[in-house]
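Numbering (my numbering), first residue to last: 2 to 286. Beta carbons are placed, not taken as given, at the ideal position from N, Cα and C, and that holds for glycine. Keep in mind that this is a model prediction, so the values were computed, not measured. Down below is the structure, laid out as structure tokens.
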Ligand SMILES: C[S@@+](CC[C@H](N)C(=O)[O-])C[C@H]1O[C@@H](n2cnc3c(N)ncnc32)[C@H](O)[C@@H]1O
């Protein structure tokens with residue numbers, strides 16, 4: 002079993018990890034909302050464009066893209082988790098958008114009906130391919146020549162106060178994990194030289210990588226430190242680290258997480274910690 006940069010077992014997005022993301026969708030989406038908003042603004046979609054949202058999760062960004070490309074365009078959310086795709090489809094039909102659809106597929110290998118598209122987009126959905134070079138070559142095949150890709154990927158952990166705070170507590174109780182920084186996981190594309198390499202070998206050019214920093218509500222908007230600590234212990238990679246831990250150790254980690262988040266708590270807003278992502282733009286050549 003491979004490990005990710007945060008030292009835990011690789012995510013099973015098609016199974017349990019996808020279901021955990023869905024069960025905590027509002028917390029996860031509000032936590033990364035500022036980065037989605039920045040990436041959508043950066044992408045500047047226009048009416049008439051046909052866009053694929055890679056690793057679309059619960060579909061929040063896909064629906065926003067659908068609005069931006071209307072009239073005449075379309076937004077297709079692709080995700081490997083059948084549970085998330087089912088939920089995203091339900092969410093879309095609650096609105097009135099006919100130009101949004103969701104497809105359950107592995108974006109690293111699937112051919113998506115409607116290809117080639119004008120644009121690809123992904124907020125944190127492109128770092129989990131077991132074979133990243135092959136996965137990026139498949140993304141290139143989804144695009145028209147000259148088509149544009151816009152990705153948000155996490156900058157290195159040491160530049161992300163939110164994960165340093167969480168992993169500091171975990172390391173205190175469970176030790177410092179040994180990791181391969183490029184193994185599939187949230188921080189697999191943190192090295193910008195590696196991102197350029199991946200894009201170039203997949204026939205992308207005009208690569209631009211822009212840093213974006215923000216405060217993020219860890220545990221979701223409005224969460225108390227205790228709620229956020231409970232959420233983190235059950236739903237991020239911390240959950241997998243604690244899987245086999247005795248209950249007393251689990252409780253000690255939760256108490257320490259709450260104490261570590263407390264100084265960052267702003268009533269009504271949540272536990273605001275720094276987050277840094279790369280906004281990556283390139284063109285298919
Ligand atoms: C961190 S979540 C981000 C979800 C969504 N983009 C958002 O910002 O709300 C990563 C998403 O990528 C999806 N994913 C992981 N590997 C994938 C693959 N090979 N093909 C398609 N989706 C994948 C997961 O199922 C998950 O929904």
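Query, Result
"Is residue 82 close to ligand 1? I mean its beta-carbon at under 6 Å from any heavy atom of the ligand.", "yes"
"Going by DSSP in three states, residue 36 sits in which element: helix, strand or coil?", "helix"
"Residue ranges of each beta strand (DSSP E) run of no fewer than 3 residues wholly in the stretch 27-99, ordered along the chain?", "51-55 and 75-80"
"I need the DSSP call for residue 5, collapsed to helix, strand or coil.", "Unreliable positioning characterises residue 5 in this predicted model, as indicated by a pLDDT of 39, which lies under 50. A coordinate reading is not provided."
"What is the residue span of the beta strand (DSSP E) that residue 280 lies within?", "271-285"
"Using only CA atoms, which one of 132, 275, 182 and 173 lies nearest to residue 216?", "275"
"In this structure, does DSSP put residue 150 in helix, strand or coil?", "strand"
"Considering only the beta carbon of each residue, do residue 26 and residue 133 sit closer than 7 Å?", "no"
"Could you give the DSSP three-state label for residue 19: helix, strand or coil?", "helix"
"Whose C-alpha, out of 94, 78, 91 and 100, is nearest the C-alpha of residue 71?", "100"
"Give the secondary structure of residue 209 by DSSP, where H, G and I count as helix, E and B as strand, and everything else as coil.", "strand"
"Out of curiosity, what's the CA-to-CA distance linking residue 137 and residue 125?", "14 Å"
"My output table needs one value for residue 263: the three-state DSSP class, helix, strand or coil.", "helix"
"Quick check: is any heavy atom of ligand 1 less than 6 Å from the C-beta of residue 85?", "yes"
"Heavy atom of ligand 1 less than 6 Å from the Cβ of residue 58, yes or no?", "yes"
"For residue 273 versus residue 218, is the C-beta spacing smaller than 7 Å?", "yes"
"Pull up the DSSP beta-bridge partners for residue 104, would you.", "79"
"Where does residue 49 land, buried or exposed, given buried means 16+ other C-beta within 10 angstroms?", "exposed"
"For ligand 2, is there any heavy atom lying closer than 6 Å to the beta carbon of residue 38?", "The ligand content of the structure shown is limited to ligand 1, which means ligand 2 is not among them."
"Mind checking who residue 219 pairs with in its DSSP beta bridge?", "272"
"Work out the CA separation of residue 207 and residue 111 for me, nearest whole Å.", "25 Å"
"In three-state terms, what does DSSP make of residue 10?", "Note that residue 10 has pLDDT 47, beneath the 50 cutoff, so the model's placement of it is unreliable and no number is given."
"Can residue 14 be considered in contact with ligand 1, in the sense that its beta carbon sits closer than 6 Å to one or more heavy atoms?", "yes"
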